[in-house]
Ligand code: PEP
């Protein structure tokens, strides 16, 4: 039985004041979240503060990106070992904004995935197609290429400690959500692709959906059998809305 998981991706939002208030709100309501594991991923500079504020809480924290290098002269980069130093649990890898705005290739994403695991952290590997790719009937091909870049280099065993997030790019921050059926179809495809190599690992890996999830649509998406929770952007910035999504998972 897979535990559901809801992770807030705060992107480049927040300030010390707004994060303190958001976390206080989430902490106040977290006891009402019965089933889901909950996590938040602030910008790097707020990780230490979030770690302090969440000490002793069931809420986990993580980062939104990481370097593919261990250490050295890489100005502006942050190593996985540094994230481990601040007790991060998760690191979001290959978010569509990284792939499409910053040109990260699937090969680079696979290197980052390896560094996250080597530091003892859990990658949240994001995959998903652009609108034109969906319209051209290439969704499975695109998602398979993104997954295979990790599978062929890190192996199926690596998915024992990984989370996958299916995030159709056309649904991220656009207000357009995939239908529950569209999400289930791709989630089942992902699980089946992993099952070709190991059915047990495929059955236990958490696959989150991301793309304009809100309190009003979360339950119908999360009820699908291969959807194990969500990676939440905009709606994770309001405590009540985020908690309602967590309760739906
Ligand atoms: C995301 O950034 O991972 C995301 C799903 O964003 P939103 O919920 O705002 O679409």
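Numbering (my numbering), first residue to last: -6 to 242.
Where a beta carbon is used, it is the ideal one built from N, C-alpha and C, also for glycine.
Check: Quick one: what does DSSP say residue 3 is sitting in, helix, strand or coil?; Outcome: coil
Check: What's the gap between the Cα of residue 235 and the Cα of residue 173?; Outcome: 19 Å
Check: Would you check if there are 3 or more beta carbon pairs closer than 8 Å linking the segment 180 to 187 to the segment 97 to 114?; Outcome: no
Check: Apply the 10 Å Cβ neighbour rule to residue 104 and answer buried if 16 or more other Cβ atoms are within range, or exposed otherwise.; Outcome: buried
Check: Could you please give me the residues that DSSP links to residue 30 through a beta bridge?; Outcome: -2
Check: Would you mind sorting residue 150 into buried or exposed? The rule is 16 or more other CB atoms within 10 Å of its CB.; Outcome: exposed
Check: Whole angstroms are fine: how far does the CA of residue 155 sit from the CA of residue 26?; Outcome: 23 Å
Check: Is the number of C-beta pairs between the segment 81 to 94 and the segment 57 to 65 that are closer than 8 Å three or more?; Outcome: yes
Check: Could you name the residues of the same chain whose beta carbon sits closer than 8 Å to that of residue 225, not counting the 5 residues immediately before and after it, in chain order?; Outcome: -1, 0, 1, 2, 203, 206, 235 and 238
Check: Just mark residue 192 as buried or exposed, buried being the case when its beta carbon has 16 or more other beta carbons within 10 Å.; Outcome: exposed
Check: Can you tell me the Cβ-Cβ gap for residue 109 and residue 73, rounded? I've got them flagged as a contact below 8 Å.; Outcome: 5 Å
Check: I need the boundaries of the alpha helix (DSSP H) containing residue 104, first residue and last residue.; Outcome: 99 to 111
Check: For residue 93, which option in 124, 117 and 112 has the closest C-alpha, if you only look at C-alpha atoms?; Outcome: 124
Check: Going by DSSP, what residues sit across from residue 116 in a beta bridge?; Outcome: 84
Check: Per DSSP, which residues does residue 200 bridge with? Please list them.; Outcome: 157
Check: From the DSSP output, read off the bridge partner residues of residue 243.; Outcome: No answer is possible for residue 243: the residues shown for the chain start at -6 and end at 242.
Check: Excluding sequence positions up to five away, which residues of its chain have a Cβ less than 8 Å from the Cβ of residue 50?; Outcome: 20 and 23
Check: Helix, strand or coil: how does DSSP classify residue 56 here?; Outcome: strand
Check: Short check: CB of residue 135 to CB of residue 180, under 9 Å?; Outcome: no
Check: Quick check on DSSP: helix, strand or coil for residue 224?; Outcome: strand
Check: Alpha carbon to alpha carbon, what distance is there between residue 16 and residue 10?; Outcome: 10 Å
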